[in-house]
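Protein chains: 2
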Amino acid sequence: MAESSGVTPISTVQRLSVYLRTIKRAKESGKKFISSEEIAAINGYTPAQVRKDFSCFGSFGIKGKGYNIDKLIKALEEILGLSERWRVALVGLGRLGKALAKYKGFHLSKFDIVAIFDIDPEKIGTKYNNIPIYSPKKLAQIAKRKKIEIAVVAVPANSAEEAVMNVVKAGIRGIISFSEVRINLPEGFILRNVNLTAEMETVSFYLTHPDWMCRGWF
Amino acid sequence: MAESSGVTPISTVQRLSVYLRTIKRAKESGKKFISSEEIAAINGYTPAQVRKDFSCFGSFGIKGKGYNIDKLIKALEEILGLSERWRVALVGLGRLGKALAKYKGFHLSKFDIVAIFDIDPEKIGTKYNNIPIYSPKKLAQIAKRKKIEIAVVAVPANSAEEAVMNVVKAGIRGIISFSEVRINLPEGFILRNVNLTAEMETVSFYLTHPDWMCRGWF
DNA sequence: AGTTGTGAATCTGTTCACAGCC
DNA sequence: GGCTGTGAACAGATTCACAACT
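As you go down the protein sequences, you meet chains P and E in turn.
Note that the working numbering has the first sequence beginning at 1, numbered continuously upward.
Note that the working numbering has the second sequence beginning at 219, numbered continuously upward.
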């Protein structure tokens, strides 16, 4: 039951997030138990992979029976750090920022955008979707006051690096950036890039080289 | 110089996309040659990784000198399938869809959105950002007529699977979905998921378990 | 009988280290 | 001398296969 001493691959973490969604859907359909076989089948993974992923964090199943869905959801939420809600800053209120500010998925998951930062003087001091908008100069101050721990950076590519560095300076340790930013972070910080262009170009690559395409699930 | 017979990992493809951007920036600053050492340093990879990634596709460098930037850009664009522009359908014109429709990155790269599909009868028949909006029922017809090969699916999570299956039925082989969709695709099709929730939860995980965080670059 | 949990085996991707070339 | 290109060594992730348990 104790957490494994081994290291957890980041791919395991991302799969846990996918499993969690899968299992929540299974719960909605009234199921009480689910097997690694079923979880795997829904997502195109192998049952061994699912069990191995879980085993990094303990043993949650009953041999011969499977996993109690309620317990498993609770365990996965705890592992992923979703027992409490997170307070999030949105940096950049352009078109993408506005879409994110109103994105229901944040709220349905455990993330609340509690402050928006934008350089536009017209926006500063007003609200969007009932969330106050501040100057990026106030990042550190507001982050501290509102206990913000995660920033979503949705600014144009040419200012993304500066924006991320500001966020780091403000002491916000978790960062998601929508423009590829690669910087050397202080310890205890994590930066994830959502790189649409890289995804588009990956698709372009495989359409151009169909012979190299993996078969089956994605 | 011939393409390697070995298989290219998808992570190599994604890094090539990052290298390409790096190298284009280097070109802007007037450089003519660049070494694997430099490309690696900018992105936090190892020089060996950069050379190995290139070597999947041939040898583009000059020993003792590095890579000619112009030639390398051309080679990478060809590898990634970016020699010609791609014709893209946008499926779903909600807030995210609108942000994508106006996203300059598509145009700056080699992707042109030439058709939008949305179920809203008010929108069908009109244009957005000068791009015509059609009913999803016309996907196959328009895809064929406009020679669309890539679809960007930006619909609510609960209709994402249906939307992706429609796109597949329409014969569009490259798909990017903004809600996690995991289906068994026919051969020759590729689906990439941009899963914001998984990224948020990955950040949540590492903030909750700072001891498991990798050090250094992301 | 059925399913978990996990060490061992396998497979995949990364890094090393150096021969080869400019 | 310096940097590429690459086989060999290594590290990391996945799958296998089976003992343990209900």
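We put the beta carbon where it would ideally sit given N, CA and C, even for glycine.
Q) Across which residues does DSSP place residue 132 of chain P in a beta bridge pair? A) DSSP output for residue 132 of chain P lists P:127 as bridge partner(s).
Q | residue 194 of chain P: contacting residues in chain E (beta-carbon distance under 8 angstroms) | A | The contacting residues are 412, 414 and 417.
**Q.** Continuous alpha helix (DSSP H) stretch holding residue 402 of chain E: start and end
**A.** For residue 402 of chain E, there is no enclosing alpha helix (DSSP H), as DSSP marks it with neither H nor E.
Q: Apply the 10 Å Cβ neighbour rule to residue 4 of chain P and answer buried if 16 or more other Cβ atoms are within range, or exposed otherwise.
A: Below a pLDDT of 50, predicted positions are generally treated as unreliable, and residue 4 of chain P, at 39, falls in that range; the measurement from the model is reported next regardless. The residue is exposed, with fewer than 16 neighbouring Cβ atoms inside 10 Å.
Q: Excluding the 5 residues preceding and the 5 following residue 189 of chain P in the sequence, name in chain order all residues of the same chain whose CB lies nearer than 8 angstroms to its CB.
A: 168, 173, 174 and 175.
Q: Tell me whether the beta-carbon of residue 329 of chain E lies closer than 9 angstroms to the beta-carbon of residue 304 of chain E.
A: Yes. Within cutoff.
Q.
9 angstroms is my cut-off, CB to CB: does residue 60 of chain P come that close to chain E?
A. Residue-level contact by beta carbon fails for residue 60 of chain P and chain E, as no gap is shorter than 9 angstroms.
Q. Which residue spans inside the region 266-307 of chain E form an unbroken beta strand (DSSP E) run of at least 3?
A. Contiguous beta strand (DSSP E) elements confined to the region 266-307 of chain E occur at 284-286, taking only those with 3 or more residues.
Q. Do residue 91 of chain P and residue 118 of chain P have their CB atoms nearer than 9 angstroms?
A. Cβ distance < 9 angstroms, so residue 91 of chain P and residue 118 of chain P count as in contact.
Q. Alpha carbon to alpha carbon, what distance is there between residue 113 of chain P and residue 144 of chain P?
A. So the alpha carbons of these two residues sit roughly 15 angstroms apart.
Q: Mind reading off the beta-carbon distance from residue 297 of chain E to residue 245 of chain E? Whole number of angstroms is fine, and I expect it under 8 angstroms.
A: That belief does not hold up - the Cβ atoms of residue 297 of chain E and residue 245 of chain E are roughly 17 angstroms apart, past 8 angstroms.
**Q.** Integer Cβ distance of residue 62 of chain P from residue 23 of chain P, believed to fall under 8 angstroms
**A.** Contact flag wrong, Cβ pair sits at about 15 angstroms.
Q: Determine the chain E residues that contact residue 80 of chain P at a beta-carbon separation under 9 angstroms, and present them in chain order.
A: The contacting residues are 419, 420, 422, 423 and 426.
Q. Using a Cβ-Cβ cut-off of 7 angstroms (strictly less than) and excluding sequence neighbours within five positions of residue 344 of chain E, which residues of its own chain qualify?
A. In the same chain as residue 344 of chain E, and ignoring 5 residues on each side of it, the C-beta atoms closer than 7 angstroms to its own belong to 351, in chain order.
Q.
Can you tell me whether residue 191 of chain P is helix, strand or coil according to DSSP?
A. If DSSP states are grouped into helix, strand and coil, residue 191 of chain P belongs with the strands.
Q.
Residues of chain P with CB closer than 7 angstroms to the CB of residue 317 of chain E, please, in chain order.
A. The answer, in chain order, is 95, 96 and 99.
Q.
Beta carbons nearer than 7 angstroms to chain E: which residues of the region 166-187 of chain P have them?
A. Result list: 173, 174, 176, 180, 182, 184, 185 and 187.
Q) Relative to chain P, which residues along the region 252-268 of chain E have a C-beta separation below 8 angstroms, given in chain order? A) Under the 8 angstroms Cβ criterion, the region 252-268 of chain E contributes 260, 261 and 262.
Q | Where residue 96 of chain P sits in the DSSP three-state scheme | A | Three-state DSSP puts residue 96 of chain P in a helix.
Q: Find the nearest neighbour of residue 232 of chain E within the set E:251, E:299 and E:285, judged by alpha-carbon distance.
A: Distance check between residue 232 of chain E and each of E:251, E:299 and E:285 places E:299 closest, using alpha-carbon atoms only.
Q | Local Cβ density within 10 Å of residue 136 of chain P, reported as buried at 16 or more and exposed below that | A | Residue environment analysis places residue 136 of chain P among the buried positions, since at least 16 neighbouring C-beta atoms fall within 10 angstroms of its C-beta.
Q. Would you say residue 18 of chain P and residue 400 of chain E are within 9 angstroms of each other, going by their C-beta atoms?
A. Cβ atoms of residue 18 of chain P and residue 400 of chain E: closer than 9 angstroms.
Q: Return the bridge partner residues of residue 421 of chain E from the DSSP annotation.
A: Answer by DSSP bridge pairing: none, since residue 421 of chain E is not bridged.
Q: Check each residue of the region 323-353 of chain E: if its Cβ is closer than 9 angstroms to any Cβ of chain P, include it; give the result in chain order.
A: Hits within the stretch, in order: 323, 324, 326, 327, 328 and 329.
Q: Return the chain-ordered list of same chain residues with a C-beta closer than 7 angstroms to the C-beta of residue 341 of chain E, the five sequence neighbours on each side being excluded.
A: Around residue 341 of chain E: 311 and 351.
(Q) Here's the rule I'm using: 16 or more other beta-carbon atoms within 10 Å means buried, otherwise exposed. How should residue 202 of chain P be labelled? (A) With 16 or more neighbouring CB atoms inside 10 Å of its own CB, residue 202 of chain P falls in the buried class.
Q | residue 377 of chain E, enclosing beta strand (DSSP E) - first and last residue | A | Segment 375-387 is the alpha helix (DSSP H) holding residue 377 of chain E; no beta strand (DSSP E) there.
Q: Report the rounded CA-to-CA distance for residue 71 of chain P versus residue 247 of chain E, giving the unit in angstroms.
A: Each residue's Cα considered, the two are about 56 angstroms apart.
Q.
Does chain P have any CB closer than 9 angstroms to the CB of residue 238 of chain E?
A. Interface flag for residue 238 of chain E against chain P is set, since a Cβ pair is found closer than 9 angstroms.
Q: Answer with yes or no whether the minimum CB distance from residue 220 of chain E to chain P is below 9 angstroms.
A: A caution first: residue 220 of chain E carries a pLDDT of 34, below 50, which makes its placement in the model unreliable, though a value can still be read off. False, the Cβ-Cβ gap to chain P never drops below 9 angstroms.
Q) By DSSP, does residue 324 of chain E sit in helix, in strand, or in coil? A) Assigned with DSSP and collapsed to three states, residue 324 of chain E falls in helix.
Q. Just how far apart, CA to CA, sit residue 105 of chain P and residue 47 of chain P?
A. Cα-Cα distance, rounded: 28 angstroms.
Q: Find the residues of chain P that neighbour residue 320 of chain E, judging by a C-beta separation of less than 9 angstroms, and give them in chain order.
A: Chain P residues near residue 320 of chain E: 95.
**Q.** Member of P:196, P:198, P:186 and P:206 whose CA lies at the smallest distance from the CA of residue 431 of chain E
**A.** Out of P:196, P:198, P:186 and P:206, P:186 has the C-alpha closest to the C-alpha of residue 431 of chain E.
Q) First and last residue of the alpha helix (DSSP H) that includes residue 257 of chain E? A) Counted as a single uninterrupted DSSP element, the alpha helix (DSSP H) harbouring residue 257 of chain E occupies residues 254-261.
Q.
Quick check on the burial criterion: 16 or more other C-beta atoms within 10 angstroms. Buried or exposed for residue 395 of chain E?
A. Under this definition residue 395 of chain E is a buried residue.
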